[in-house]
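Undergrad:
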Amino acid sequence: MKIVEVPDTLDYRSVDRLLASVEAVEEDRALLDARHLRWIDPVGMIGLLGAGRVLRDRSGTPPRLQPPESSVVSGYLTRMGFFEAAAEILETPPIRRRGGGDSDVLLELTSIAENHDVHAVVDRVQERAGAILSRTLRYPPSAVIQFAVILSEVCQNILEHADAPGWVAAQSYNWSRRLGRHVLILAVGDLGRGFRGSLASRHSSRFGDRWSDATALEAAFIHGLTRFPDQGRGQGIQQMRKQVRRWDGVISVRSGTARIADVPEWEDLPPLETNLPPLPGAQITILLPERLPEEGR
Amino acid sequence: MTGKGEGDRTLRGGEGSGNGEEARGAEPADPGSQDSSPQLDAFAVDLRDVLDRNVASLYSHLVTRPTGRAVRLAIESQLKELGLPALSLVDLSSVAILDYSCADEVVAKLLLARRSPSAPHREVFFVFHGLREHHREPILEVLDRHRLAAVTRGHEAGRDFELLGTVAEEEARAWTRLQALRRVPALKIQDAFPDPSERRTLDGLVQRGLIFRHPSRGDLHALSSLL
């Protein structure tokens, strides 16, 4: 059995390390060793599920997950619904399921497989997002609706382009040391055909030899191209970018071996990265920072 | 399905509250003459109602493209039963969340269908009313993307009718002028719009479904005057 070490911090910055480790595993059954996991965010959770599915598909057997030794991290994963979401992908030890009580979680890991799931997610977040957006992030009351629209569009991206189910999750964190502010993290991921696969039949020829994961991401992210001939398509990402920019947030799309991002001053992610470890499907990450008092928008 | 308007009814232009000015140099057109009023089948559509009845009663928001498509198809199937020309009043006041995909499917595609010569509702005129602040951006975006425009009215009391979307300056001027006049009898159009280019602009607005021309008399009506 091949052991894949899960980084002790698994977030939107370190998830590529996990993918690189997974790439090295061939057809052996794998063990995802998360014993030393100390910090995980929604991007990390979806990345871990994605890594598990890649390993499962490669070996034909669900990889075993060695859960975190930290009861805090395990408890958080439980509250986020990670173990339920992982049930068909990873072999996990018996874990106490989430209770039905109140939770500080904004949006648990939720599978998106059909139109109805998007409605359910929008409904659920509507109930919970108000307090986080207005009190924690100090956004105006109208932000709840704008956030729900972003959520709807980002989840539809899975249904419309991936041809495979995916997941969504969101949570807010206090990045007191790193940024001195709260940040909401919204992550959506799928293991579908990715942006390159989705756009290839319609747009690859115009790029010729330059066609790649990066050019596919540029085509969708910068130019709003989609695989559909309908002129009304492709707005989702453009509108998300516009709204995230207004909130001074980050939006990044990772697919295949590339990542593209709109990055505000407070974050140092590069706007375009290539030659990353391959990620089947796509991941969209949105970071929304707490509004500073002087921003007064 | 019938909306708040409970199906078809005939509305007569020129019978509004009349707070607009009349066409310059003219008395109100043919006062008392019912013949001067266009016979329009009118259909009021409460989008929440359509959503509940045709998509799923569990859905409370106009989000996702399949939902928008189902809502539009439900509206279109109702429009097929109307006599033409017709006026459809699409009510968004009870829609809490409208995303871009749904706005594209419902608002843009209803208007786009007017462009097709074979469209069954080519002669249907639309007024989107009950717009809340958060509806405006998705609707504006999809209208601009398709270079469309729509007659709208805000949800708040006292909000005026407004032209949203891609509109040239001269179109906006002509539309606003007719909106103020509400109705201009055919014989008075030249007085009210003496510049030939203005009148050509009005022809364009009729083509775009943003104002109405009486099919036999040629009178021009702001869509708001028909409600």
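Just so you know, the protein sequences line up as chains U and X, in that order.
Sequential numbering of the first sequence, starting at 1156, is according to this note's numbering.
Sequential numbering of the second sequence, starting at 2, is according to this note's numbering.
The beta carbon of each residue, even a glycine, is placed where N, CA and C say it ideally should be.
Do U/D1403 and U/P1426 have their CB atoms nearer than 8 Å?
TA: Taking 8 Å as the Cβ cut-off, U/D1403 and U/P1426 do not qualify as a contacting pair.
Undergrad: Would you list the one or two residues that DSSP bridges to X/T153?
TA: Partner(s): X/F129, X/E163.
Undergrad: Please report the distance separating the alpha-carbon of U/S1176 from that of U/E1182.
TA: The alpha-carbon atoms of U/S1176 and U/E1182 are separated by roughly 13 Å.
Undergrad: Taking only the alpha-carbon atoms, compute the straight-line gap between U/D1345 and U/N1329 and give it to the nearest angstrom.
TA: Each residue's alpha carbon lies about 27 Å from the other.
Undergrad: Which complete alpha helix (DSSP H) runs does the stretch 1163-1248 of chain U hold, if anything under 4 residues is left out?
TA: Those alpha helix (DSSP H) runs which fall completely within the stretch 1163-1248 of chain U and span 4+ residues are 1170-1178, 1197-1214, 1226-1234, 1237-1240.
Undergrad: Is the Cβ of U/E1308 closer than 8 Å to any Cβ of chain X?
TA: By this cut-off, U/E1308 is an interface position.
Undergrad: Measuring only the C-alpha atoms, how far is X/R160 from X/L211?
TA: Spanning the two alpha carbons is a distance of roughly 18 Å.
Undergrad: Run the CB neighbour count on X/P216, radius 10 Å, all protein chains shown included, and call it buried at 16 or more, exposed below.
TA: Label assigned to X/P216: exposed.
Undergrad: Under three-state DSSP, which class holds U/A1342?
TA: U/A1342 falls in the strand class under three-state DSSP.
Undergrad: Note down, in chain order, each residue of its chain lying with its Cβ closer than 8 Å to the Cβ of U/N1312, except the 5 sequence neighbours on either side.
TA: Cβ neighbours of U/N1312 beyond the five flanking positions: V1343, G1391, I1392, A1437, I1439.
Undergrad: Which complete beta strand (DSSP E) runs does the stretch 1353-1441 of chain U hold, if anything under 3 residues is left out?
TA: Taking only runs of at least 3 residues, the beta strand (DSSP E) segments lying wholly in the stretch 1353-1441 of chain U are 1405-1411, 1413-1417.
Undergrad: Return yes when at least one heavy atom of the ligand ZN lies under 7 Å from the C-beta of U/R1414, else no.
TA: What this structure holds is no ligand at all, so the ligand ZN is not there to describe.
Undergrad: Between X/G69 and X/E106, how many whole angstroms is the CB-CB distance? I'm expecting something under 8 Å.
TA: That pair is a contact at about 3 Å.
Undergrad: Counting only C-beta atoms, is X/D100 closer than 8 Å to chain U at any point?
TA: Closer than 8 Å to some Cβ of chain U, the Cβ of X/D100 qualifies, so yes.
Undergrad: Tell me which residue opens and which closes the beta strand (DSSP E) that U/E1263 is part of.
TA: Taken as a continuous stretch (DSSP letters only), the beta strand (DSSP E) holding U/E1263 covers 1262-1267.
Undergrad: Closest Cβ-Cβ distance between X/R146 and chain U: below 8 Å?
TA: Yes, contact with chain U.
Undergrad: I'd like the ranges of any alpha helix (DSSP H) spanning at least 4 consecutive residues and lying wholly in the stretch 1287-1341 of chain U.
TA: Entirely contained in the stretch 1287-1341 of chain U, the alpha helix (DSSP H) runs reaching 4 residues are, in chain order, 1298-1312.
Undergrad: With 8 Å set as the bound, which would you pick, yes or no: does the beta-carbon of X/H156 sit closer than that to a beta-carbon of chain U?
TA: So no, X/H156 is outside the interface.
Undergrad: Mind pulling the chain X residues with CB within less than 7 Å of U/H1316?
TA: In chain order: nothing, as chain X lies at least about 12 Å away.
Undergrad: From the DSSP secondary-structure annotation, give me the bridge partner or partners of X/H223.
TA: First, the residue type needs correcting, since residue 223 of chain X is Ala and not His in the sequence shown. In the DSSP output, where bridge partners are listed per residue, X/A223 has X/I212.
Undergrad: Flag this pair as yes or no: are the beta carbons of X/H156 and X/R133 separated by less than 8 Å?
TA: Taking 8 Å as the Cβ cut-off, X/H156 and X/R133 qualify as a contacting pair.
Undergrad: Classify U/H1153: buried if its beta carbon has 16 or more other beta carbons within 10 angstroms, exposed otherwise.
TA: Beyond the ends of chain U as shown, which are 1156 and 1452, falls residue 1153 of chain U; an answer cannot be given.
Undergrad: Identify each residue in the stretch 1265-1285 of chain U for which the Cβ-Cβ distance to at least one residue of chain X is less than 7 Å, and report them in chain order.
TA: From the stretch 1265-1285 of chain U, only N1270, V1273, H1274, V1277, D1278 have a Cβ closer than 7 Å to chain X.
Undergrad: Considering just the uninterrupted stretch of the alpha helix (DSSP H) at X/L112, what are its terminal residues?
TA: X/L112 -> alpha helix (DSSP H) spans 110-114.
Undergrad: Take X/P32 and list the residues in its own chain whose beta-carbon comes closer than 8 Å to its own, dropping the five residues that flank it on each side.
TA: Unreliable placement is indicated for X/P32, whose pLDDT of 35 sits below 50; the coordinate value is still reported in the next sentence. Here the set comprises nothing.
Undergrad: Just the chain X side, please: which residues come within less than 8 Å of U/I1300 by C-beta, in chain order?
TA: Residues of chain X passing the Cβ test: A97, I98, H135.
Undergrad: Kindly indicate if chain X contains any beta-carbon less than 8 Å away from that of U/S1297.
TA: With 8 Å as the cut-off, U/S1297 counts as an interface residue toward chain X.
Undergrad: Check the Cβ of X/V64 against every Cβ in chain U and list those closer than 7 Å, keeping chain order.
TA: Near X/V64 (Cβ distances below 7 Å), the residues of chain U are V1273, H1274, V1277, S1307.
Undergrad: My assumption, with CB atoms under 8 Å, is that U/P1222 sits in contact with U/S1229. Please give the rounded CB distance.
TA: About 6 Å; that satisfies the 8 Å criterion.
Undergrad: Start and end of the alpha helix (DSSP H) containing X/D145?
TA: Taken as a continuous stretch (DSSP letters only), the alpha helix (DSSP H) holding X/D145 covers 134-146.
Undergrad: Who are the Cβ neighbours of X/T167 in its own chain at under 7 Å, not counting the five residues just before and after it?
TA: Taken in chain order, the residues that qualify are L144, D145, R148, L149, A150.
Undergrad: Rounded to whole angstroms, what's the CA-CA distance from U/V1280 to U/A1374? Just pull it up for me.
TA: The straight-line gap from Cα to Cα measures roughly 30 Å.
Undergrad: Can you tell me whether X/K189 is buried or exposed, with buried defined as 16 or more other CB within 10 angstroms of its CB?
TA: Looking at its Cβ environment, which holds 16 or more other Cβ atoms inside 10 Å, X/K189 is buried.
Undergrad: I'd like the list of long-range same chain contacts for X/G8, defined as Cβ closer than 6 Å, with 5 residues on each side in sequence excluded.
TA: Residue placement at X/G8 is flagged as unreliable, the pLDDT there being 34, under the threshold of 50; the coordinate-derived value follows with that caveat. Hits under 6 Å: none found.
Undergrad: From U/E1445, U/P1435, U/P1448, pick the residue whose C-alpha is nearest to that of U/A1206; which is it?
TA: Nearest option by C-alpha distance: U/P1435.
Undergrad: Using beta carbons (cut-off 8 Å, strictly below), is U/Q1311 in contact with chain X?
TA: Yes - at least one Cβ of chain X is within 8 Å of the one on U/Q1311.
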